[in-house]
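Data first, discussion second: the structure below is written as structure tokens.
Protein chains: 2
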Amino acid sequence: MPRLFLPAPHGDRSGGGRPRSSGTGLRRAGLAFSPAVEDYAKTLYRLEQLTDEPVATGAIATRLDVSTPSASNMLRHLSELGLVTVVSGRGARLTPAGRRVARAVIRRHRIIEGFLRDALKLPWDCVHEEADLLEHAVSSRVAEAMWDVLGRPDRDPHGDPITALDVDVDPDKDVLEPLDAWDPEVVGVLVRVSDAQPEALRYMAEHGIAPGLPVRVIAREPFGAGQRVRIGDTDQTIGPELARLIFVQRTG
Amino acid sequence: MPRLFLPAPHGDRSGGGRPRSSGTGLRRAGLAFSPAVEDYAKTLYRLEQLTDEPVATGAIATRLDVSTPSASNMLRHLSELGLVTVVSGRGARLTPAGRRVARAVIRRHRIIEGFLRDALKLPWDCVHEEADLLEHAVSSRVAEAMWDVLGRPDRDPHGDPITALDVDVDPDKDVLEPLDAWDPEVVGVLVRVSDAQPEALRYMAEHGIAPGLPVRVIAREPFGAGQRVRIGDTDQTIGPELARLIFVQRTG
DNA sequence: ACAAACGGTTAGGGTACGCTAATACATGGC
DNA sequence: GCCATGTATTAGCGTACCCTAACCGTTTGT
Numbered sequence: 001m002p003r004l005f006l007p008a009p010h011g012d013r014s015g016g017g018r019p020r021s022s023g024t025g026l027r028r029a030g031l032a033f034s035p036a037v038e039d040y041a042k043t044l045y046r047l048e049q050l051t052d053e054p055v056a057t058g059a060i061a062t063r064l065d066v067s068t069p070s071a072s073n074m075l076r077h078l079s080e081l082g083l084v085t086v087v088s089g090r091g092a093r094l095t096p097a098g099r100r101v102a103r104a105v106i107r108r109h110r111i112i113e114g115f116l117r118d119a120l121k122l123p124w125d126c127v128h129e130e131a132d133l134l135e136h137a138v139s140s141r142v143a144e145a146m147w148d149v150l151g152r153p154d155r156d157p158h159g160d161p162i163t164a165l166d167v168d169v170d171p172d173k174d175v176l177e178p179l180d181a182w183d184p185e186v187v188g189v190l191v192r193v194s195d196a197q198p199e200a201l202r203y204m205a206e207h208g209i210a211p212g213l214p215v216r217v218i219a220r221e222p223f224g225a226g227q228r229v230r231i232g233d234t235d236q237t238i239g240p241e242l243a244r245l246i247f248v249q250r251t252g
Numbered sequence: 253m254p255r256l257f258l259p260a261p262h263g264d265r266s267g268g269g270r271p272r273s274s275g276t277g278l279r280r281a282g283l284a285f286s287p288a289v290e291d292y293a294k295t296l297y298r299l300e301q302l303t304d305e306p307v308a309t310g311a312i313a314t315r316l317d318v319s320t321p322s323a324s325n326m327l328r329h330l331s332e333l334g335l336v337t338v339v340s341g342r343g344a345r346l347t348p349a350g351r352r353v354a355r356a357v358i359r360r361h362r363i364i365e366g367f368l369r370d371a372l373k374l375p376w377d378c379v380h381e382e383a384d385l386l387e388h389a390v391s392s393r394v395a396e397a398m399w400d401v402l403g404r405p406d407r408d409p410h411g412d413p414i415t416a417l418d419v420d421v422d423p424d425k426d427v428l429e430p431l432d433a434w435d436p437e438v439v440g441v442l443v444r445v446s447d448a449q450p451e452a453l454r455y456m457a458e459h460g461i462a463p464g465l466p467v468r469v470i471a472r473e474p475f476g477a478g479q480r481v482r483i484g485d486t487d488q489t490i491g492p493e494l495a496r497l498i499f500v501q502r503t504g
């Protein structure tokens, strides 16, 4: 049984005597949940923010790059851990406990990203992958120490918010819009860039597109060729696909 | 199959189609070896430094806190990975490849320890356990970045050497002795303290016993009560069990 | 010389994950 | 209302680790 002090997973009609771990547990003693469980919670949390419906099993599977049956099984597992409620045949929803787990993982992830970039000077585009690995190994104590060293910032390098664990609201709700949606002459601040596509991240790094800079839309190019935009103090043309990954807040 | 580009483990009479991972491998894609394998290599490396014989299966099992059969199985596994050669019925020995793996893990471990203590200001005694967790998740790139930030030290906080990957010699060989072995009036420098016992670490931290300080043995107490020693600029009595965990280098 | 003792290996199970193939269910078209 | 379609679940496996119990092979004591 991997997690001490928690109801045993699955059937647990086991025969094992020693209450130590099975499989992966030689390391990670005492950490509450397995990396896989944390990943599912995190993914579920993110997908829940997009709809009010329960999250479809297939969507989770796609996001995590596993087969649908695997996701289905894991969701049952998570529900036995009390982290999700499964709406059979339709999808799953995080419980409050599940949301806590997800927020903790996401918080650690963002702190680690910030730390890798600002303290260790790692290049932009490798930071996300490294953080995906580390988020399951870094204890809260270490993560909070990193956060202190960074000066307790409220956003990570991509502009994603680093919120307290008991905060459920997304501070970007009702505030941020994709740059894509803006018409000419609108002005504001670049708040965050999506970290979903490493390639896009690299491009943005090379072209000086980073959170914190002022943004002004100059014109919309014809035939869907994107927007002419001033970011910081350079003008450039942003294609619509990239513009959907850039989130801005109106100031004008 | 967890490790890309390596001969498949065990029989591999599998039926699986997708060449992705099984079990634990959703994260850690691309990392060469599983945490368990790294732990075995590390332990083997340490035990090999104590004897010239092949390392006994039972010794490894004890050190890793697993059953002897588990260790036996894993050693077979490691031998199929080309990391050890098993001397059947007697024990195992690391191959050059195994030694490389072990040194890489140990190097990461020590860099992480130093980093947690010096950069993150974590207390002495929790540093070792955190590092045990992190050493399998931190990539070489991140570890080397940490090392740079620390100023490329050649020892970790306990005084254990941080050596290059291709260096096989222990720089402490023929140089360090346990404090226990010293007679009165011998003087030198405290180079390292064993990190094997967290309790001892805590005691030493509280009593100002740390690597780098000058040491002079003042007298040996009667009836095995230990030694009267000056460490830094305080005198104290060190019991023989503690004295065996403190390693010193003669300067006089 | 032989039996006890000890250490290692083999046998047989477990759990956590993952996968494919086959089945169940929900939904939408007609 | 009924079937085609798609999505979700169940069935059955595979692998990495771990464990206990039973089985060897050496070494050792007398």
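Protein sequences, first through last, are from chains A and B.
Those letters in the first sequence? Residues 1 to 252, per the working numbering, in order.
Those letters in the second sequence? Residues 253 to 504, per the working numbering, in order.
All C-beta atoms, glycine included, are put in the ideal place defined by N, C-alpha and C.
Inset, instruction - Classify R369 (chain B) as buried or exposed, calling it buried when 16 or more other Cβ atoms lie within 10 Å of its own Cβ. - result: Taking the first residue of the second sequence as position 1, residue 369 (chain B) is located at position 117. Classification of R369 (chain B): buried, given that the 10 Å Cβ count is 16 or more.
Inset, instruction - Within the same chain, show all residues whose beta-carbon is closer than 6 Å to that of A457 (chain B), passing over the 5 residues directly before and after it, in chain order. - result: The residue labelled residue 457 (chain B) in the question sits at position 205 within the second sequence. Excluding residues within five positions, the ones whose Cβ falls inside 6 Å are W376.
Legend entry - Three-state secondary structure (DSSP) of F247 (chain A): Looking up residue 247 (chain A) in the first sequence gives position 247. Note: F247 (chain A) maps to strand in three-state DSSP.
Inset, instruction - Could you list which residues in chain B have their beta carbon closer than 9 Å to that of V149 (chain A), in chain order? - result: Within the first sequence, numbered from 1, the residue matching residue 149 (chain A) stands at position 149. Within chain B, the residues near V149 (chain A) are A371, L372, K373.
Legend entry - Euclidean distance between Cα positions of P492 (chain B) and R482 (chain B): Position 240 of the second sequence, counted from the first residue, corresponds to residue 492 (chain B). Position 230 of the second sequence, counted from the first residue, corresponds to residue 482 (chain B). So the two alpha carbons sit approximately 15 Å from each other.
Inset, instruction - Could you give the DSSP three-state label for G91 (chain A): helix, strand or coil? - result: As a first step, residue 91 (chain A) is located in the first sequence; it is residue number 91 there, counting from the start. The answer is strand: DSSP assigns G91 (chain A) an E or B state.
Inset, instruction - Check whether the Cβ of R393 (chain B) lies closer than 9 Å to any Cβ atom in chain A. - result: In the second sequence, counting from the first residue as 1, residue 393 (chain B) sits at position 141. For R393 (chain B), the answer is yes, since a Cβ of chain A falls inside 9 Å of its Cβ.
Inset, instruction - Look at P214 (chain A) and R192 (chain A) and say whether their C-beta atoms are less than 9 Å apart. - result: Walking along the first sequence from the start, residue 214 (chain A) turns up at place 214. Walking along the first sequence from the start, residue 192 (chain A) turns up at place 192. Not a contact, by the Cβ cut-off of 9 Å.
Inset, instruction - Kindly indicate which residue of A:H109, A:A36, A:A219, A:E185 has the alpha-carbon position closest to the one of L78 (chain A). - result: As a working note, residue 78 (chain A) is residue 78 in the first sequence. The candidate whose alpha carbon is nearest that of L78 (chain A) is A:A36.
Inset, instruction - Can you tell me which of B:P409, B:P405, B:I312 puts its alpha carbon nearest to the alpha carbon of H380 (chain B)? - result: Sequence index remark: in the second sequence, residue 380 (chain B) carries index 128 (1-based). Nearest in C-alpha terms to H380 (chain B), of all of B:P409, B:P405, B:I312, is B:P409.
Inset, instruction - Go ahead and pull the three-state DSSP assignment for G476 (chain B). - result: The residue you call residue 476 (chain B) lines up with position 224 of the second sequence. DSSP, read as helix, strand or coil, puts G476 (chain B) in coil.
Inset, instruction - May I have the straight-line CA-CA distance separating S274 (chain B) from A495 (chain B), to the nearest angstrom? - result: Here residue 274 (chain B) is taken as the residue at index 22 of the second sequence, counted from 1. Here residue 495 (chain B) is taken as the residue at index 243 of the second sequence, counted from 1. Note that S274 (chain B) scores 44 on pLDDT, short of 50, meaning its location in the model is unreliable and no value can be drawn from it.
Legend entry - At least 3 beta-carbon pairs within less than 8 Å: the region 219-228 of chain A vs the region 163-174 of chain A: Output reads no: the region 163-174 of chain A does not touch the region 219-228 of chain A.
Inset, instruction - Alpha carbon to alpha carbon, how far is A354 (chain B) from R360 (chain B)? Give it in angstroms, no decimals. - result: Along the second sequence, read from residue 1 onward, the residue named residue 360 (chain B) stands at position 108. Along the second sequence, read from residue 1 onward, the residue named residue 354 (chain B) stands at position 102. Distance between the alpha carbons of R360 (chain B) and A354 (chain B): 10 Å.
Legend entry - Nearest to T95 (chain A) (by Cα), restricted to the options A:E48, A:L179, A:F115: Counting from 1 along the first sequence, the entry for residue 95 (chain A) is found at position 95. Nearest in C-alpha terms to T95 (chain A), of all of A:E48, A:L179, A:F115, is A:E48.
Inset, instruction - Report buried or exposed for A164 (chain A), applying the criterion of at least 16 other Cβ atoms within 10 angstroms of its Cβ. - result: Translated into the one-based positions of the first sequence, residue 164 (chain A) becomes position 164. Here A164 (chain A) is exposed, its C-beta having fewer than 16 other C-beta atoms within 10 Å.
Legend entry - Residue environment, K42 (chain A), which counts as buried when at least 16 other CB atoms sit within 10 Å: On the first sequence, residue 42 (chain A) is found 42 positions in, with the first residue counted as 1. Result: buried.
Legend entry - Under the three-state DSSP convention, the category A445 (chain B) falls into: For this step, residue 445 (chain B) is matched to residue 193 along the second sequence. Just to set this straight, residue 445 (chain B) is Val in the shown sequence, not Ala. Strand, per DSSP.
Inset, instruction - Under 8 Å Cβ to Cβ from L150 (chain A), same chain only, skipping five residues before and after it: list those, please. - result: The sequence position of residue 150 (chain A) within the first sequence is 150, counting from 1. Taken in chain order, the residues that qualify are I111, G114, F115, D118, A119.
Inset, instruction - Report the residue from A:L44, A:D183, A:E38 whose alpha carbon sits nearest the alpha carbon of T85 (chain A). - result: The count along the first sequence starts at 1 and reaches residue 85 (chain A) at position 85. It is A:L44.
Legend entry - Spatial neighbours of D406 (chain B) in its chain, beta-carbon cut-off 7 Å, leaving aside the 5 residues before and after: Along the second sequence, read from residue 1 onward, the residue named residue 406 (chain B) stands at position 154. P413, I414.
Legend entry - Close-in-space but distant-in-sequence residues of the same chain around L386 (chain B) (CB under 7 Å, 5 per side omitted): Locating residue 386 (chain B) in the second sequence gives position 134, counting from the first residue. Counting only Cβ-Cβ distances below 7 Å, and skipping sequence neighbours, we find I364.
Legend entry - For Q236 (chain A), the residue or residues it bridges with in DSSP: Indexing the first sequence from 1 puts residue 236 (chain A) at position 236. When DSSP reads this structure, Q236 (chain A) sits in a beta bridge with A:V229.
Legend entry - Within-9 Å CB hit, H77 (chain A) to chain B: Counting from one through the first sequence, the residue named residue 77 (chain A) turns up at place 77. False, the Cβ-Cβ gap to chain B never drops below 9 Å.
Inset, instruction - May I have a chain-ordered list of the alpha helix (DSSP H) segments no shorter than 4 residues that lie completely inside the region 46-108 of chain A? - result: Entirely contained in the region 46-108 of chain A, the alpha helix (DSSP H) runs reaching 4 residues are, in chain order, 57-64, 68-80.
Inset, instruction - Ignore the nearest five residues each way along the sequence and tell me which others in L327 (chain B)'s own chain have a CB closer than 8 Å to its CB. - result: The sequence position of residue 327 (chain B) within the second sequence is 75, counting from 1. The answer, listed in chain order, is Y292, T309, I312, V336, V338, A344.
Inset, instruction - Kindly indicate which three-state DSSP category A219 (chain A) falls into: helix, strand or coil? - result: The residue labelled residue 219 (chain A) in the question sits at position 219 within the first sequence. The answer is strand: DSSP assigns A219 (chain A) an E or B state.
Legend entry - Beta-carbon proximity check, A389 (chain B) vs V138 (chain A), cutoff 9 Å: The residue you call residue 389 (chain B) lines up with position 137 of the second sequence. The residue you call residue 138 (chain A) lines up with position 138 of the first sequence. With respect to the 9 Å criterion, A389 (chain B) and V138 (chain A) are classified as neighbours on the basis of their beta carbons.
Inset, instruction - Return helix, strand or coil for E396 (chain B), following the three-state DSSP convention. - result: For the purposes of this step, residue 396 (chain B) is identified with residue 144 of the second sequence, where counting begins at 1. Of the three classes helix, strand and coil, the one that applies to E396 (chain B) here is helix, per DSSP.
Inset, instruction - Would you verify that the beta carbon of E382 (chain B) is, or is not, closer than 9 Å to some beta carbon of chain A? - result: Along the second sequence, read from residue 1 onward, the residue named residue 382 (chain B) stands at position 130. Yes - at least one Cβ of chain A is within 9 Å of the one on E382 (chain B).
Legend entry - Proximity below 9 Å, CB of R393 (chain B) to CB of L122 (chain A): The count along the second sequence starts at 1 and reaches residue 393 (chain B) at position 141. The count along the first sequence starts at 1 and reaches residue 122 (chain A) at position 122. Going by beta carbons, R393 (chain B) and L122 (chain A) fall inside the 9 Å limit.
Inset, instruction - Please classify R155 (chain A): does DSSP put it in a helix, a strand, or coil? - result: Numbered from its first residue, the first sequence carries residue 155 (chain A) at position 155. If DSSP states are grouped into helix, strand and coil, R155 (chain A) belongs with the strands.
Inset, instruction - Take I238 (chain A) as the anchor and find which of A:M146, A:A71, A:G82, A:R220 has the nearest alpha-carbon. - result: Here residue 238 (chain A) refers to the residue found at position 238 when the first sequence is read from its first residue. It is A:R220.
Legend entry - Contact under 9 Å by Cβ, L179 (chain A) with F247 (chain A): The residue given as residue 179 (chain A) occupies position 179 in the first sequence. The residue given as residue 247 (chain A) occupies position 247 in the first sequence. Using a Cβ distance threshold of 9 Å, L179 (chain A) and F247 (chain A) count as a contacting pair.
Legend entry - Separation of G89 (chain A) from S70 (chain A), as counted between CA atoms: As a first step, residue 70 (chain A) must be located in the first sequence, where it is residue number 70. As a first step, residue 89 (chain A) must be located in the first sequence, where it is residue number 89. If I take the Cα positions, the gap works out to 15 Å.
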